[in-house]
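Some notes on the structure that comes next.
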Amino acid sequence: MSVRVFRWRAIGPLLLFALIGAVLWVLFADRIARLSAEKVGTAIVGAKVEIEHLHIDLANGDVTVRGLTVANPHEALKNLFQADELTADLDVLPLLEKKVVIDRLAATGLRFGTPRATDGRVPGDPNASVSGRVMGEARDWAQRFQVPALQLATGKIDVATLDPRRLSAIPAAQALSGRADSSRKAWQTGLDSLRLGAAVDSATATLARLKTARVTDLAALNDARRAIDQLKQARNRVTTLERGVTGGLAALRAGALGLDSAKQRDYAFARGLMKLPSLDAPEIGLALFAPTAVAQFQRALYWTQVAKAHMPPGLQPRADEGPPRRRRSGSTVRFPRERALPGFLLRTAELSFLLDPTAAQPKKYAGRLTGLTSDPAVYGRPTLFEASAPAVTAGAMLDHVHATARDTAGATVQGVTLPPIQLPSLPMTLDPGRGTAQLGFALRGDTIRARWAIRSTQVHWARDSAAPRSTGADLLWRTLSGITDLQVDAGVTGTLSHPRLVVRSNLDDAIAARLRTILGEEAAAAERRLRAEVDRQVDPAIAPVKARVTTLQTDMTKRLADQRARLDKAQKDLEARLRELTRIRLP
Amino acid sequence: MLTIVKLVQSLVKALHSEGTPGQLAAGIALGAILGLTPLVSLHNAILFGLIVILNVSFPGAMLGWAVFIPVGFLLDPLFDHIGHVLLIHTPALTPLWTAMYNMPVVPLTNFNNTVTLGSLVFSAVFFLPLFFTARWAVTRYRATIGERVRQSKWYRALTASKLYNVYRLFRPES
Chain A
743 MSVRVFRWRA IGPLLLFALI GAVLWVLFAD RIARLSAEKV GTAIVGAKVE IEHLHIDLAN
803 GDVTVRGLTV ANPHEALKNL FQADELTADL DVLPLLEKKV VIDRLAATGL RFGTPRATDG
863 RVPGDPNASV SGRVMGEARD WAQRFQVPAL QLATGKIDVA TLDPRRLSAI PAAQALSGRA
923 DSSRKAWQTG LDSLRLGAAV DSATATLARL KTARVTDLAA LNDARRAIDQ LKQARNRVTT
983 LERGVTGGLA ALRAGALGLD SAKQRDYAFA RGLMKLPSLD APEIGLALFA PTAVAQFQRA
1043 LYWTQVAKAH MPPGLQPRAD EGPPRRRRSG STVRFPRERA LPGFLLRTAE LSFLLDPTAA
1103 QPKKYAGRLT GLTSDPAVYG RPTLFEASAP AVTAGAMLDH VHATARDTAG ATVQGVTLPP
1163 IQLPSLPMTL DPGRGTAQLG FALRGDTIRA RWAIRSTQVH WARDSAAPRS TGADLLWRTL
1223 SGITDLQVDA GVTGTLSHPR LVVRSNLDDA IAARLRTILG EEAAAAERRL RAEVDRQVDP
1283 AIAPVKARVT TLQTDMTKRL ADQRARLDKA QKDLEARLRE LTRIRLP
Chain B
12 MLTIVKLVQS LVKALHSEGT PGQLAAGIAL GAILGLTPLV SLHNAILFGL IVILNVSFPG
72 AMLGWAVFIP VGFLLDPLFD HIGHVLLIHT PALTPLWTAM YNMPVVPLTN FNNTVTLGSL
132 VFSAVFFLPL FFTARWAVTR YRATIGERVR QSKWYRALTA SKLYNVYRLF RPES
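So the sequences go chain by chain: A and B.
Residue numbering for the first sequence follows this note's numbering, beginning at 743 and increasing consecutively.
Residue numbering for the second sequence follows this note's numbering, beginning at 12 and increasing consecutively.
Right, dumping it as structure tokens:
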């Protein structure tokens, strides 16, 4: 009996099954695509991405998104931007390769920094999500900057507790003490191994024989010469040891001097601990505006690093985490190839956006984005963004085509309402009002160069009524509240691992002069107190060590001199006797 | 509980279907691929179509699927490892993967996922041993206790149900 290979009557149900699938796709494709877009967008941005409506028209290759809201990953109740409508002209054929290629995207009604009712941040797991990892790295980077504290609220200077474990002079003294001990033991061993006693005893015995010997007693004369050679050898050994001891003592003396340097460093460390305000203008600019400036740089770094993670340079296969599912996700490996289509490509985007959307008459601007892709090396061109208008200039270039990524971005916005700035440790808030903001950011490999600046001529000052009042704060308030201009310039240079921050403002000199008046005496008194505290903790540790080094030096010098004197005397006596014996007496 | 009952029901139906042991074994082996690999993949849609179109035991396929789903979960670490070795640690295969990745339709199979590729390769290797083992087991069953089970009351009750009529639509044709 032959068995047929095909079950033809099942074709009908199979087609029906396929038809049901197609109907379900038509019914739910938009919803599935919307949920997927929200999920992917949220994972990339690190904050909620919400879409009110999404429609896919595969026949015409159109995708329309309405009511797009992207929350700000850095601020709880603020959106990064909102868009009224996005219309994408989709290339359909690449979908068969599981690639998304958008020829043109038009975005209208873009608004930046709009408020939101709920916290849109998504706390990403640093080990599981790219955005969570990058956020953590950017936060760590921002914490590298040492921002000096400025304390004026109460007019008193806080002397923080000085932890002896963090003073460098104490462990240095302990280390030097150990070195002195080991040196002393080593030198003692060296002295013992010289065996000077045998040489001197032998010389003394030979000298005794020589006293009764005649000039013809050649054996005695030879013994005397041998004894002199032994004494010379012993002296050479003493010289060698002495050279080592001299070097060791010099090192110990240098160590003792190093304790003084360590103590000076401890003074500086303690000065930082007590939050002593510097009276130098650049330090004041740093204290006042560094947190705000660093926050701007941190955000710029976050976005460039997110871009780098999702737009990596190079053509090597790369593995990312697989799709989330009940089964193990595994890794999904991408195999980019030159002259092929990238996994994602947005060729051109025309952006129409509003600045200062809360103003009575918000202004409308236009921008253009080209070459946004997940595989820059495959696409072969950098991603470019530009927007320009009379009061706005913005541009960015993400060049990940080559092995070393180069990201640059810059923006200048004039006549925009600048956000209020809370000045750290000062009982007042600075409201710059309308002004100009500039941000420049360049990251090439690991080298960073960034600048942030604000200018305003309509500064308002608000005093914190809840803060305790003091004479110093009153004086400072009177000084600052009369200033209506603001110019702040902040810059970061160096590498990501060793960045240098400089902040200057026109307020620095005014505040520095007032600080000198208010805090000069108190700062000096506080510093004196702190130096005394450092002395109290450090001196008991370093004084005995210094004394031990001095004692050791004296002791070793004396002992070596004694040994050398013994040898010299024995040799001198022997030589004198030999000369006396071998002298030719003329009749 | 319901799952277990359905599994037993499926098992009994499969073992007593009109199909030959070979048809039943082929169904089980194909169903095993469905169970071992991640379900939502293009290759599984094709496989499902084959199970329907080819003259193999549909209940056998469902049985194979049901039995091998938990096996698939258990063996995921192994599949992940196999996938890593093939996709990442075998440079000789990289040109092949690159060509496939940039080919129409093929990327929709998710072949570039380590678990998907690892499980698919494992299933392919496992297919023939499973087929022959299943065919031998069905033959032995039918030759020993199969007829007694067929005469039992509960089996008659099962075959009299409406569900059985639906099943008959997909039973193997001789």
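From the three backbone atoms N, C-alpha and C, an ideal C-beta is built for every residue, glycine too.
Model, not experiment: these values are computed from the prediction.
Alpha-carbon to alpha-carbon, residue j and residue i
i       : j       : result
D965/A  : L999/A  : 50 Å
G897/A  : L1168/A : Because G897/A carries a pLDDT of 46, less than 50, the predicted location of this residue cannot be relied on, and no value is offered for it.
A1312/A : R1321/A : 14 Å
F770/A  : T850/A  : 26 Å
F1031/A : L1165/A : 7 Å
V791/A  : T125/B  : 29 Å
L800/A  : I844/A  : 13 Å
L963/A  : A928/A  : 38 Å
A47/B   : G75/B   : It should be pointed out that residue 47/B corresponds to Leu in this sequence rather than to Ala. Roughly 10 Å separates the two Cα atoms.
G1152/A : A1215/A : 37 Å
Q1156/A : L1249/A : 21 Å
S935/A  : M1298/A : 15 Å
A1133/A : F854/A  : 16 Å
A72/B   : F59/B   : 9 Å
I1196/A : A1138/A : 20 Å
F887/A  : G874/A  : 21 Å
M186/B  : T144/B  : Limits of chain B in this structure are 12 at one end and 185 at the other, which puts residue 186/B out of reach.
V78/B   : A880/A  : 48 Å
T150/B  : G157/B  : 9 Å
A950/A  : K1300/A : 29 Å
A895/A  : P1078/A : At A895/A the pLDDT is 43, less than 50, meaning the model places this residue with poor confidence; the figure from the coordinates comes in the next sentence. For A895/A and P1078/A, the distance between alpha carbons rounds to 59 Å.
A1204/A : G788/A  : 34 Å
P913/A  : G1014/A : 20 Å
A1266/A : D905/A  : 21 Å
R1148/A : L1057/A : 17 Å
H95/B   : L1087/A : 27 Å
L1126/A : L1140/A : 7 Å
Residues of its chain near residue i, where Cβ-Cβ distance is below 8 Å and the 5 sequence neighbours each way are ignored
i       : result
L1028/A : V889, P890, L1243, V1244 and V1245
A1082/A : V1120
K1106/A : S1094, F1095 and L1096
D1330/A : Since the first and last residues shown for chain A are 743 and 1329, residue 1330/A lies out of range.
G754/A  : none
Sequence-distant residues of its chain with Cβ nearer than 6 Å to residue i (five each side left out)
i       : result
V1201/A : P1174, T1226 and L1228
G932/A  : L983
E1317/A : none
W1194/A : A1035, Q1038, L1181 and A1232
A775/A  : L796 and I798
V67/B   : Q34, A37 and G38
Residue-chain proximity (residue i, chain C), Cβ-Cβ < 7 Å
i      : result
P106/B : Given the protein chain composition of this structure (A and B), no chain C is represented.
Residue i and residue j closer than 7 Å at C-beta
i       : j       : result
T1154/A : R1176/A : no
A925/A  : A1004/A : Reading the sequence as shown, one finds Ser at residue 925/A and not Ala. No. Outside cutoff.
L128/B  : L86/B   : no
D831/A  : R846/A  : yes
G783/A  : A813/A  : no
S1073/A : A1061/A : yes
R1278/A : T1221/A : no
P118/B  : K781/A  : no
I1253/A : I1026/A : yes
V1287/A : A915/A  : yes
S52/B   : N121/B  : yes
G1085/A : S1130/A : no
A993/A  : L1294/A : no
Same chain, Cβ closer than 7 Å to residue i, neighbours up to 5 away in sequence not counted
i      : result
F142/B : A36, A37 and A40
Taking a Cβ distance cut-off of 9 Å, strictly less, list which residues of the stretch 71-101 of chain B are near chain A, in chain order.
-> In summary, the residues of the stretch 71-101 of chain B whose CB is separated from some CB of chain A by less than 9 Å are G83, F84, D87, P88, F90, D91, G94, H95, L98 and I99, in the order they occur in the chain.
Hey, which unbroken runs of the alpha helix (DSSP H) at 4 residues or more fall wholly within the stretch 1003-1075 of chain A?
-> 1023-1052
Where the stretch 1065-1084 of chain A meets chain B: residues whose CB sits under 9 Å from a CB there | Flagged, chain order: P1065, R1067, R1068, R1069, R1070, S1071, G1072, S1073, T1074, V1075, R1076, F1077, P1078, R1079, A1082 and L1083.
Just by C-beta distance, which residues in the stretch 830-854 of chain A are closer than 7 Å to chain B?
-> Contacts with chain B (Cβ-Cβ distance below 7 Å) from the stretch 830-854 of chain A involve L838, E839 and K840, listed in chain order.
Below 7 Å between beta carbons is the criterion; list the residues of the stretch 40-73 of chain B that meet it against any residue of chain A, in chain order.
-> P49, G60, V63, I64, L65 and N66
For the stretch 1047-1062 of chain A, which residues have a CB atom closer than 8 Å to at least one CB atom of chain B, in sequence order?
-> Within the stretch 1047-1062 of chain A, the residues whose Cβ lies closer than 8 Å to some Cβ of chain B are P1059 and A1061, listed in chain order.
Whole runs of the beta strand (DSSP E) within the stretch 773-833 of chain A, excluding any shorter than 3 residues = 791-799, 804-813 and 821-833
Against chain A: residues of the stretch 118-151 of chain B by CB proximity under 8 Å | P118, L119, N121, N123, N124, T125, V126, T127 and G129
Could you tell me which uninterrupted alpha helix (DSSP H) segments, each at least 4 residues in length, are contained entirely in the stretch 1090-1173 of chain A, listed from first to last along the chain?
-> 1118-1121
Which residue spans inside the stretch 1201-1263 of chain A form an unbroken alpha helix (DSSP H) run of at least 4?
-> 1213-1222
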